[in-house]
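A short write-up of the structure that comes next.
Number of protein chains: 2
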Amino acid sequence: MHSHKDAGRAADLVVETLAQKIQDGELADGQPLPPERDLMQEFGISRTVVREAVLALSNKGLIEARPRHRPVVRKPGYDAAFAALESIVTHLLHEPGGVKNLFDTRIFIEAALAREAAKHADKGAIFTLKGALEANRLAINDSEAFYQTDIAFHQALYAIPRNPVFPAINKAYTSWLAPQWSQMPRLPQRNQTNYEAHAEIYEAILMRDPDAAETALRKHLSSAWQQVRTTFGDI
Amino acid sequence: MHSHKDAGRAADLVVETLAQKIQDGELADGQPLPPERDLMQEFGISRTVVREAVLALSNKGLIEARPRHRPVVRKPGYDAAFAALESIVTHLLHEPGGVKNLFDTRIFIEAALAREAAKHADKGAIFTLKGALEANRLAINDSEAFYQTDIAFHQALYAIPRNPVFPAINKAYTSWLAPQWSQMPRLPQRNQTNYEAHAEIYEAILMRDPDAAETALRKHLSSAWQQVRTTFGDI
DNA sequence: TAACAATTTTGGTCATACCAAATAAACCAA
DNA sequence: TTGGTTTATTTGGTATGACCAAAATTGTTA
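Residue numbers (our numbering), protein chains in the order written: chain A, 1 to 235; chain B, 1 to 235.
Structure representation (structure tokens):
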């Protein structure tokens with residue numbers, strides 16, 4: 001079954017086997033992994049190797065290993081995929097131009113999403129968007145709530161294509177860029193501006209005007225980027 | 001969300017410290033990591049913990065650890081980031097709808113890229129695209145070469161925004177979807193069709209017609225998806 | 001100086017032991 | 001029976017020490 005080119009890692013076999021069991025559901029989601037000492041016997045290896053395998057599975061996101069707890073099987077979803085990027089992305093963000101590169105891709109994707117929404121969003125999706133916009137408006141004077149509804153509005157945008165990858169992308173964006181965003185001053189006046197931008201995007205989608213939707217969204221996010229720039233300077 | 005700092009892992013400190021040194025350049029790219037026995041002394045820990053830390057760094061993509069070789073420091077780039085996704089994406093692709101979800105995002109992004117290119121590509125980028133297209137044409141009768149030039153043409157598209165994230169995305173796409181793609185029959189006739197599709201995309205970009213560029217690209221990739229469907233059935 | 005042989009270093013694996021936290025079992029009071 | 005409290009067991013985290021084989025280094029020779 002396994003044709004190992006370089007027989008350098010005993011743990012690899014264990015990782016593959018367990019990963020397969022997880023994917024096949026033999027180790028169901030939420031179920032704890034067998035104790036390390038059991039795995040030793042099952043595979044005929046030392047605990048060293050078992051631990052190495054468990055570590056690897058944990059870093060791959062297939063199990064969730066809280067310290068001193070039994071590792072729990074986590075069948076990976078699209079969210080987990082992007083979560084695996086966190087550490088490396090964090091590094092990239094600390095390099096010159098890192099934040100801008102990432103933010104530019106966000107603008108790029110959301111602009112395309114706005115266009116897509118204007119073209120193909122069904123009534124239900126538009127209604128959801130309208131609800132998110134209304135919640136956003138009601139929170140203008142509560143900066144903390146506004147932050148949440150702001151995120152929700154964009155989330156609604158990512159949900160429109162009905163492709164689970166997009167919400168996962170958005171989650172990743174918000175979590176990665178949160179450090180920058182959360183340090184920015186919260187001004188009610190700015191909330192008002194952002195709400196109006198959201199409204200403009202919504203209107204364009206409602207009017208089935210892709211160009212207007214894209215333009216409005218680009219303006220909105222570019223403005224947000226400028227705010228970041230004026231807060232942090234060149235990054 | 002919540003970052004559980006349960007402080008139960010001695011290895012975490014080592015990982016953070018070494019990661020910091022890598023980011024700061026104190027451990028330069030390409031340089032081997034200190035021997036495990038040295039790290040033991042430096043941090044006053046057992047080899048067990050050192051190995052755990054090294055494993056973690058390896059899984060994070062900050063070092064490259066070939067079996068029985070000294071781990072080599074690899075300052076992560078955008079490519080490495082997506083490479084870290086491989087194992088988990090592989091799992092997702094094996095689930096129902098997984099391939100389609102991923103391919104749909106590819107269509108989505110490339111459509112937006114085509115539009116972007118038609119709007120903002122400079123002469124140099126268009127010239128590069130033209131060269132890729134010509135190479136593509138010359139390889140119509142050599143299916144293996146055609147496959148390569150096909151990839152190169154799309155790569156040229158991803159390079160246009162001059163944002164290093166996009167080429168990395170493309171690399172990830174091609175490597176993840178390669179298993180499906182490489183199993184499809186290579187027909188010169190199909191090469192001809194694909195070349196014409198590429199030419200149509202290029203022409204639209206040259207004419208600065210975003211709508212035509214997007215339409216042409218969507219048609220091209222949707223057709224490719226249909227070919228996948230007819231080869232593999234519902235996946 | 002280049003090819004080869006001897007030596008040291010270093011990563012991979014195993015076995016054992018101990019501790020503290022987590023879990024399960026036993027127990028007891030209401 | 002039930003619910004909470006105490007005790008016993010399990011289990012993950014870490015430390016030591018040992019051994020091997022493959023690398024890397026050094027030394028030697030043609």
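Built from N, CA and C at the ideal position, the CB exists for glycine as well.
Looking at C-beta atoms only, is the number of pairs between the region 114–131 of chain B and the region 182–201 of chain A that lie closer than 8 Å three or more? Because the criterion of three Cβ pairs below 8 Å is not met, the region 114–131 of chain B and the region 182–201 of chain A do not touch.
Interface flag, residue 78 of chain A vs chain B, CB-CB below 8 Å: In the first sequence, counting from the first residue as 1, residue 78 of chain A sits at position 78. Yes - at least one Cβ of chain B is within 8 Å of the one on residue 78 of chain A.
Closest residue to residue 126 of chain B among B:207, B:73, B:72 (Cα-Cα distance): Here residue 126 of chain B refers to the residue found at position 126 of the second sequence. Of the candidates B:207, B:73, B:72, the one whose C-alpha sits nearest the C-alpha of residue 126 of chain B is B:207.
Taking any Cβ of chain A, which residues in the region 38–68 of chain B have a Cβ under 7 Å from it, in chain order? Going along the region 38–68 of chain B in chain order, one finds 52, 55, 56, 59, 60, 61, 67, 68 with a Cβ nearer than 7 Å to chain A.
If we define contact as Cβ-Cβ less than 8 Å, is residue 17 of chain B a contact residue for chain A? For this step, residue 17 of chain B is matched to residue 17 along the second sequence. So no, residue 17 of chain B is outside the interface.
Under the rule that 16 or more other beta-carbon atoms within 10 Å means buried, what is residue 222 of chain A, buried or exposed? Position 222 of the first sequence holds residue 222 of chain A. Exposed is the call here.
Please report the straight-line C-alpha distance between residue 92 of chain B and residue 164 of chain A, rounded to a whole angstrom. Here residue 92 of chain B refers to the residue found at position 92 of the second sequence. Here residue 164 of chain A refers to the residue found at position 164 of the first sequence. Rounded to whole angstroms, residue 92 of chain B and residue 164 of chain A show a C-alpha spacing of 11 Å.
Which residues in the same chain as residue 154 of chain A place their Cβ atom closer than 6 Å to its Cβ, once the five residues preceding and following it in sequence are excluded? On the first sequence, residue 154 of chain A is found 154 positions in, with the first residue counted as 1. Once the five neighbours on either side are set aside, residue 154 of chain A has no close Cβ partner at all.
Chain A partners of residue 170 of chain B, CB-CB under 9 Å? Along the second sequence, read from residue 1 onward, the residue named residue 170 of chain B stands at position 170. At a C-beta separation below 9 Å, residue 170 of chain B has no neighbours in chain A, since its nearest C-beta there lies roughly 12 Å away.
Compare the Cα-Cα distances from residue 146 of chain B to each of B:64, B:189, B:63 and report the closest residue. Locating residue 146 of chain B in the second sequence gives position 146, where the first residue counts as 1. Closest by alpha carbon: B:189.
Residues near residue 210 of chain A in its chain [Cβ-Cβ closer than 6 Å; skip 5 each side]: Position 210 of the first sequence, counted from the first residue, corresponds to residue 210 of chain A. So the list reads 115, 118, 119, once near-sequence residues are dropped.
What residues from chain A crowd round residue 88 of chain B, counting only those whose CB sits closer than 7 Å? As a working mapping, residue 88 of chain B is identified with position 88 in the second sequence. Going along chain A in sequence order, the residues near residue 88 of chain B (Cβ under 7 Å) are 60, 61, 76, 80, 81, 84.
Short CB-CB distance (under 8 Å) between residue 209 of chain B and chain A: Sequence index remark: in the second sequence, residue 209 of chain B carries index 209 (1-based). Residue contact check for residue 209 of chain B against chain A: no CB pair falls below 8 Å.
Nearest by alpha-carbon distance to residue 78 of chain B: which of A:98, A:69, A:76 is it? Indexing the second sequence from 1 puts residue 78 of chain B at position 78. When only C-alpha atoms are compared, the closest one is A:98.
Grab the span of the alpha helix (DSSP H) containing residue 130 of chain B for me, first residue to last. For the purposes of this step, residue 130 of chain B is taken as the residue at position 130 of the second sequence. Start and end: 123–138.
Which chain A residues sit within Cβ distance under 9 Å of residue 23 of chain B? Position 23 of the second sequence holds residue 23 of chain B. Residues of chain A with a Cβ closer than 9 Å to the Cβ of residue 23 of chain B are, in chain order, 91, 94, 95.
Would you tell me roughly how many angstroms separate the C-alpha atoms of residue 174 of chain A and residue 151 of chain A, rounded to the nearest one? Taking the first sequence and counting its residues from 1, one reaches residue 174 of chain A at position 174. Taking the first sequence and counting its residues from 1, one reaches residue 151 of chain A at position 151. Those two C-alpha atoms are separated by around 8 Å.
How many Å lie between residue 41 of chain A and residue 17 of chain A at the Cα? Within the first sequence, residue 41 of chain A is the residue found at index 41, counting from 1. Within the first sequence, residue 17 of chain A is the residue found at index 17, counting from 1. Straight-line measurement puts the Cα of residue 17 of chain A at about 15 Å from the Cα of residue 41 of chain A.
Note down, in chain order, every chain A residue with its Cβ under 8 Å from the Cβ of residue 102 of chain B. Counted from its first residue, the second sequence places residue 102 of chain B at position 102. Per Cβ cutoff of 8 Å: 165.
Simplified DSSP state of residue 13 of chain A, which is helix, strand or coil: The residue given as residue 13 of chain A occupies position 13 in the first sequence. Assigned with DSSP and collapsed to three states, residue 13 of chain A falls in helix.
Start-to-end residues for the alpha helix (DSSP H) that takes in residue 40 of chain A: Position 40 of the first sequence, counted from the start, is the residue given in the question as residue 40 of chain A. Here the alpha helix (DSSP H) through residue 40 of chain A covers 36–43.
Which class does residue 164 of chain B belong to by DSSP, given the choice of helix, strand or coil? The residue given as residue 164 of chain B occupies position 164 in the second sequence. For residue 164 of chain B, the secondary structure class from DSSP, reduced to helix, strand or coil, is coil.
Can you tell me whether DSSP reads residue 52 of chain B as helix, strand or coil? Locating residue 52 of chain B in the second sequence gives position 52, counting from the first residue. Residue 52 of chain B: helix per DSSP, three-state reduction.
If I'm right that residue 177 of chain B touches residue 113 of chain B with Cβ under 8 Å, what's the distance once you round it to whole angstroms? Locating residue 177 of chain B in the second sequence gives position 177, counting from the first residue. Locating residue 113 of chain B in the second sequence gives position 113, counting from the first residue. Residue 177 of chain B to residue 113 of chain B, Cβ: 16 Å. No contact.
Minimum Cβ-Cβ distance from residue 215 of chain B to chain A less than 8 Å: For the purposes of this step, residue 215 of chain B is taken as residue 215 along the second sequence, with counting starting at 1. So, not an interface residue.
So, at 6 Å on beta carbons, what are the nonlocal neighbours of residue 70 of chain B in its own chain, with the 5 sequence-adjacent residues on each side left out? Against the second sequence, residue 70 of chain B aligns to sequence position 70. Here the set comprises 32.
How many Å lie between residue 134 of chain B and residue 73 of chain B at the Cα? By one-based count along the second sequence, residue 134 of chain B stands at place 134. By one-based count along the second sequence, residue 73 of chain B stands at place 73. Taken atom to atom, the span from the alpha-carbon of residue 134 of chain B to that of residue 73 of chain B is near 39 Å.
Let me make sure I understand the geometry here. Which of B:47, B:161, B:89, B:85 has the alpha-carbon closest to that of residue 121 of chain B? The residue labelled residue 121 of chain B in the question sits at position 121 within the second sequence. When the alpha-carbon of residue 121 of chain B is set against those of B:47, B:161, B:89, B:85, the nearest one is in B:161.
Beta-carbon proximity list for residue 88 of chain B, same chain, < 7 Å, skipping 5 on both sides: In the second sequence, the residue the question calls residue 88 of chain B occupies position 88. Take residue 88 of chain B, set aside five residues on each side of it, and no residue of its chain has a beta-carbon closer than 7 Å to its own.
Give, in chain order, every residue of the region 102–118 of chain B whose Cβ lies closer than 9 Å to some Cβ of chain A. Within the region 102–118 of chain B, the residues whose Cβ lies closer than 9 Å to some Cβ of chain A are 102, 104, 105, 108, 109, 111, 112, 113, 115, 116, listed in chain order.
Could you work out which residues of chain B lie near residue 9 of chain A, taking near to mean beta carbons separated by less than 9 Å? Within the first sequence, residue 9 of chain A is the residue found at index 9, counting from 1. From the beta-carbon of residue 9 of chain A, the residues of chain B found nearer than 9 Å are 67.
Quick one: residues in its chain with C-beta nearer than 6 Å to the C-beta of residue 34 of chain B, no 5 flanking neighbours on either side, listed in chain order? The count along the second sequence starts at 1 and reaches residue 34 of chain B at position 34. Hits under 6 Å: none found.
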